[in-house]
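Single-structure report; data block below.
Chains as they are written, first to last, in the working numbering: chain P, 1 to 276; chain R, 1 to 276.
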């Protein structure tokens, strides 16, 4: 999916919501344990209940790998169940030397080889250009590079001063020479108020993937105040707040209610910004 | 495996060789394609032919994930086939927010959940302390943190000047407060001559995992001149130079010959340093 198509979806659905598909066996409704693949069944029902309210789904690979082979199988089935017109993000935070990153690109972009073909993958920047470029060789696929993350540990290195500014600023500046805003997005945590405005100045045209709204304490209004651009430019992720909204047999309905609340809020924001 | 046990293995085998298990279907001997799981069969024969010459095996997860479900299965079988007294490294370069890194720790350290329990995992430092600590909760398991990598792209960010020194120096300095040399190692590319001496000053007691000898152009002699400490302190990785030494039915024998050359060289180095 390219940038124009993504913006079209945002306008059509009046939403820039991304739903994080990060289920843990211990936290899903217990009646699902009767299914052969409870994790997939959980995702399937969440997807079916929210697909008209969001523009992206983001499974975090850790939640699947932690269950070994059967987890990887749930991930494959989950990817296959997501409707074609919804942007898919493999939240994998990969990155390695060139020939190895090419293997990761196969893992997440090359359906023939791996059984999956996400629209995008999150990548860690520490190893530099040749660790990122292999992901950029696939047409209409995206790299979502970690810039300023939402966790406490972002202080340790991302905020270090370098000759070109803070490290996360340098990551954005340098990486913007590798690909433009048609192929690269950045992860910017919703909990990063002042950095958010700064990042929008550094990457005026880029889509930003924003985790941390809800459970991690970020505010949607703040994010939009600093983050919206003329093609929206935001994918705001919510995982726990939506997928664990209910604990009973009506969990998918409850998830829909929470997703709807966010969608309505986003519609107002998009209208106010005259984007729809 | 703890630090003392690892050094014991090094002295016993007169080797600090790590064999990188990074097979690609296109590059393995073609007669193996008749096996149900050619990648596992390749690894099995390489392991059986080299197990007395090396102290560690390091499968890079990308090479397995790229093949989807069947790749993950090969990884599981490969891990299970490595003898107990050999140090295992999941070269996965993971790292995410705390609760998600805990899932990655399950994936690679918790056999009950995932079917695998490596001795160590490589971790990317960009997200800071809480992305690393969950891996440190497992007794006798190790984090191998990326410091100065062997690829061209290490210039982009790792060498940036920060108030505390270059970024990779700051990564070592800050992370050494999270765990000592009994629980944390660092990745230092063999191609990093001058940085190598510097890193040994910053982390005098730590084991360093050194890729880049051989195919990537680093020299074993240089690495040892700057890198050896009083308990060896080095795990030198070779992948392509060993696993692709032969292309025919005798590939495992050829791999053994290459591993033996390195082991003999290492034995001389250990003797000269009076470590054995």
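The C-beta atom is built at its ideal place from N, Cα and C for all residues, glycine as well. Every value quoted in this text rests on a predicted model; they were computed, and no experiment measured them.
query                                                                                                                               : result
Beta-carbon contacts of residue 199/R that lie in its chain and below 6 Å, excluding the five residues immediately before and after : 188
Reduced DSSP secondary structure (H/G/I, E/B, other) of residue 60/R                                                                : strand
Closer than 8 Å to chain R by CB, residue 120/P                                                                                     : no
Proximity of residue 66/P and residue 127/R at Cβ, strictly below 8 Å                                                               : no
Any chain P beta carbon closer than 8 Å to residue 114/R                                                                            : yes
Members of the segment 142–163 of chain P near chain R, C-beta cut-off 8 Å                                                          : 146, 149, 150, 151, 152, 153, 154, 155, 156, 157, 158, 160, 161, 162 and 163
Contained beta strand (DSSP E) runs [length at least 3] in the segment 212–254 of chain P, N- to C-terminal order                   : 234–238
Straight-line Cα distance separating residue 166/R from residue 157/P                                                               : 11 Å
8 Å contact criterion, which residue 239/P and residue 22/P should meet: CB distance rounded                                        : 5 Å
Proximal residues of chain R, C-beta to C-beta of residue 129/P below 8 Å                                                           : 152, 153 and 156
Sub-8 Å separation of residue 186/R and residue 203/R beta-carbons                                                                  : yes
Rounded separation between residue 80/R and residue 210/R - CA only                                                                 : 24 Å
Cutoff 8 Å; reference residue 258/R; Cβ partners in own chain excluding five residues on either side                                : 238, 241, 242 and 245
Contacts of residue 124/R in chain P (Cβ-Cβ under 8 Å)                                                                              : 93, 95, 124, 126 and 127
Which residues DSSP lists as bridging residue 165/R, in chain order                                                                 : 162/R
C-beta atoms of residue 122/P and residue 93/P nearer than 8 Å                                                                      : yes
Cutoff 8 Å: residue 104/R Cβ touching any chain P Cβ                                                                                : yes
Any chain R beta carbon closer than 8 Å to residue 68/P                                                                             : yes
Within-8 Å CB hit, residue 100/R to chain P                                                                                         : yes
Interfacial residues, the segment 46–79 of chain P to chain R, with Cβ spacing under 7 Å                                            : 60, 62, 63, 65, 66, 67, 68, 69, 72, 73 and 76
C-alpha distance - residue 133/P paired with residue 173/P, whole-angstrom precision                                                : 16 Å
Pairwise C-alpha distance: residue 273/P and residue 77/R                                                                           : 54 Å
Runs of alpha helix (DSSP H) lying entirely within the segment 103–187 of chain R, each at least 4 residues, in chain order         : 111–114, 129–132, 154–157 and 167–175
As assigned by DSSP and simplified to three states, the class of residue 91/P                                                       : strand
Chain P contact residues for residue 170/R, given Cβ-Cβ distances below 8 Å                                                         : 157 and 160
Strand pairing of residue 17/P, partner residues [DSSP]                                                                             : 236/P
Alpha carbon of residue 97/P to alpha carbon of residue 254/P, nearest angstrom                                                     : 43 Å
Residue 182/R, buried or exposed, once every other Cβ within 10 Å from all chains shown has been counted against 16                 : exposed
Test item: CB-CB of residue 260/P and residue 234/P under 8 Å                                                                       : no
Backbone CA spacing between residue 266/R and residue 27/R [nearest angstrom]                                                       : 28 Å
Straight-line Cα distance separating residue 30/P from residue 250/R                                                                : 53 Å
Residue of 171/R, 42/R and 136/R minimising C-alpha distance to residue 247/R                                                       : 42/R
Residue 190/P at chain R interface by Cβ criterion, 8 Å                                                                             : no
Counted within 10 angstroms of its Cβ, other Cβ atoms place residue 154/P as buried (16 or more) or exposed                         : buried
Reduced DSSP secondary structure (H/G/I, E/B, other) of residue 210/R                                                               : strand
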